[in-house]
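Residue numbers (the working numbering): 20 to 479.
The beta-carbon is built from N, C-alpha and C at its ideal position, and this holds for glycine as well.
Scroll down for the structure; my scribbles are underneath it.
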Amino acid sequence: NGLATVTPDMIDNGSSDNCEIASLELDVMEFNCDNVGENTVTLMATDVNENVSSATAIVTVVDNIAAKVLARDITIELDEMGMATITIEDIDNGSNDACGIESLELDVTEFTCNNVGLNTVTLTANDVNGNVSSATATITVEDNIAPVPVMEQLDTIYAECIVEKLDVAAPLAIDNCQESIEAVADLYFPVTRQGSTVITWKYEDAQGNVTYQQQEIIIEDTTAPVANVAELETIEVECGVTDIAAPMASDNCAGILVGTTSDALNYSEQGEYMITWTYDDGNGNTSTQDQLVIVNDVTTPDVITRDITIVIDPRDNVRISPEDIDAGSSDNCSDITLSLDQDYFEQPGFYDVTLSARDAVGNTGSAIARVTVVMDAVDTKEAHVVPTLLRRNSKANVILPFRGQISSVEVIETETNRFRSFSGNKRNKMEIDVAPFKGTLLVRITDIEGTVYLKKLIAY
């Protein structure tokens, strides 16, 4: 408490009286911090007869008690420069001394980013009498300042098709404890979606302080596909075309595109047709290309004939059809219509018959066949085969004179020499089916008496 007390006994060094000392007294008995050092005190002696005498003494007051140092723990934050400073007042928690503190000192007052965390500082007190004491405190240094982006606003990134990672430079930020911090994106590259995509960049320093910054990516494909062939070849056919192959185009984003169309891809009718092909890149860009299709049959039918021989009797005639001399005529595109310049014969001889063919669009072709007409020398008296012009799948009637009986009938296809035999019915009339023969047919009829009759008919 900075006080000290002395008594006469402490000062008396053997005072005496011839009779007896009644009392000893000191003029000063209490001392404080102000009395540190040498102090003169007077010791007075009174004997029993009230005689008084005195002597002086030196009382040296000494302060050997150091100050009581009280330090408190504090937390401080680094500033934008990565610095922090403390004062004695920040740490002193009521340090005191009975006689007074001359000075307080801190061994560390400045802190940097290197000191982030716990730090021990010493507070030292010097009292007025030279006594020294100290205490320690824990200084917790914190970095709570987030990184600051170098660019206040990041530029928008524009592309038509794709943005790769290498296309986007990671932005930088400045931090109070680091020279620069490279941001990390919150999405995966590449970015291909048309429209707006926002990147959120994250700047994080070593202390976990985070700053976010956004950057927009705009992908807008404005380039239309370009046809691989500048001008499509005209498709020229005679008969028709099916499954026309789609042309292709190249697109800056989609690559190779196959054209599509709502027009027909199969054409069989004669004429000119225009196909409009569309190339669509899927991003709203399209281009079109026309292709002309011409169906034009200019080829004449291929007419093939065969020479035939027909037999007539003196009282009959014969008519032939185009099929009788046609040997497989055809057309490259369509069915054909056959016609003859002569189809009726009633006299024997050699005839050059022109077989003409006409296709569906009017192309015509022709060829000549030799028709040999011979007169039958066999007795055909009063024998008949009716009708003489027989439609296919119809039946003919063989008729002999009255009382005649049919023994057998043979039908010969003159074009091929194929023949077919029928057993007679022993009557003068019977029905025969000549199918599948066609053209000029020679009918040989034999009666039961061996008489032979030759007749002819045309099956068509």
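When burial is assigned at 16 or more other CB atoms within 10 Å of the CB, is Asn133 buried or exposed? One-based indexing of the sequence shown puts residue 133 at position 114. Around the CB of Asn133, fewer than 16 other CB atoms lie within 10 Å, so the residue is classed as exposed.
Cβ contact (3+ pairs, closer than 8 Å) linking the segment 281-297 and the segment 418-429: no
Counting only the same chain and skipping the five closest in sequence on each side, list residues whose C-beta sits under 8 Å from that of Ile181. Position 162 of the sequence shown, counted from the first residue, corresponds to residue 181. Hits under 8 Å: Pro209, Val210, Thr211, Ile238 and Cys272.
Helix, strand or coil, according to DSSP, for Lys184 in the structure here? Looking up residue 184 in the sequence shown gives position 165. Three-state DSSP puts Lys184 in a helix.
What did DSSP end up calling Pro168 once you bin it into helix, strand or coil? The count along the sequence shown starts at 1 and reaches residue 168 at position 149. In this structure, Pro168 counts as strand in the three-state DSSP scheme.
Beta-bridge partners of Leu409, as assigned by DSSP: Here residue 409 refers to the residue found at position 390 when the sequence shown is read from its first residue. DSSP, once it has assigned bridges, lists Ala478 as partnering Leu409.
Close-in-space but distant-in-sequence residues of the same chain around Ala64 (CB under 6 Å, 5 per side omitted): Walking along the sequence shown from the start, residue 64 turns up at place 45. Only residues of its own chain outside the window of five on either side were considered, and among them Ser34, Ile40, Leu43 and Ser72 have a CB closer than 6 Å to the CB of Ala64, listed in chain order.
For Ala249, collect the residues of the same chain with a Cβ closer than 8 Å to its Cβ; drop the 5 residues on either side in sequence, then sort them by chain order. Indexing the sequence shown from 1 puts residue 249 at position 230. For Ala249, where only same-chain residues beyond five positions count, there are no Cβ hits under 8 Å.
Tell me whether the segment 256-275 and the segment 228-237 touch, counting them as touching only if at least three CB pairs, one residue from each stretch, are closer than 8 Å. no
Can you have a look at Lys474 and say buried or exposed, based on whether 16 or more other CB atoms are within 10 angstroms of its CB? Taking the first residue of the sequence shown as position 1, residue 474 is located at position 455. Buried is the label assigned to Lys474, since at least 16 other Cβ atoms lie within 10 Å of its Cβ.
Between Ala103 and Phe130, which are expected to be in contact by the criterion C-beta below 8 Å, what is the C-beta distance as a whole number of angstroms? Working through the sequence shown from its first residue, we reach residue 103 at position 84. Working through the sequence shown from its first residue, we reach residue 130 at position 111. That pair is a contact at about 5 Å.
From the DSSP output, read off the bridge partner residues of Ala154. Mapped onto the sequence shown, residue 154 falls at position 135. According to DSSP, Ala154 bridges with Leu142.
Nearest by alpha-carbon distance to Gly101: which of Leu89, Gln197, Leu62 and Val393 is it? As a first step, residue 101 is located in the sequence shown; it is residue number 82 there, counting from the start. Cα-wise, what sits closest to Gly101 is Gln197.
Along the beta strand (DSSP E) that carries Asp66, what are the first and last residues, could you check? Stepping through the sequence shown from its first residue, residue 66 is reached at position 47. Taken as a continuous stretch (DSSP letters only), the beta strand (DSSP E) holding Asp66 covers Gly56 to Asp66.
Contacting residues, own chain, Cβ-Cβ under 6 Å from Leu408 (five flanking each side not counted): Counting from 1 along the sequence shown, the entry for residue 408 is found at position 389. The residues are Ile477.
Starting from the C-beta of Asp240, find all residues in its chain whose C-beta is less than 8 Å away, skip the five residues before and the five after it, and write them out in chain order. Taking the sequence shown and counting its residues from 1, one reaches residue 240 at position 221. Hits under 8 Å: Glu179, Cys180, Gln213, Asn271, Cys272, Asp300, Asn302, Gly303 and Asn304.
Near Asn51, which residues of its chain fall below 6 Å by C-beta distance, leaving aside the five closest residues on each side in sequence? Within the sequence shown, residue 51 is the residue found at index 32, counting from 1. Once the five neighbours on either side are set aside, the close Cβ partners of Asn51 are Gly21 and Leu22.
C-alpha distance - Ile110 paired with Leu142, whole-angstrom precision: Here the question's residue 110 lines up with position 91 in the sequence shown. Here the question's residue 142 lines up with position 123 in the sequence shown. Taking the straight line joining both Cα atoms gives about 7 Å.
Between Thr24 and Glu57, how many whole angstroms is the CB-CB distance? I'm expecting something under 8 Å. One-based indexing of the sequence shown puts residue 24 at position 5. One-based indexing of the sequence shown puts residue 57 at position 38. Not a contact, Cβ separation roughly 17 Å.
Please report the straight-line C-alpha distance between Glu255 and Ile313, rounded to a whole angstrom. As a first step, residue 255 must be located in the sequence shown, where it is residue number 236. As a first step, residue 313 must be located in the sequence shown, where it is residue number 294. Rounded to whole angstroms, Glu255 to Ile313 spans 5 Å at the Cα level.
Write down every uninterrupted run of the beta strand (DSSP E) in the segment 94-119 whose length is 3 residues or greater and which is fully enclosed by it, in chain order. 102-104
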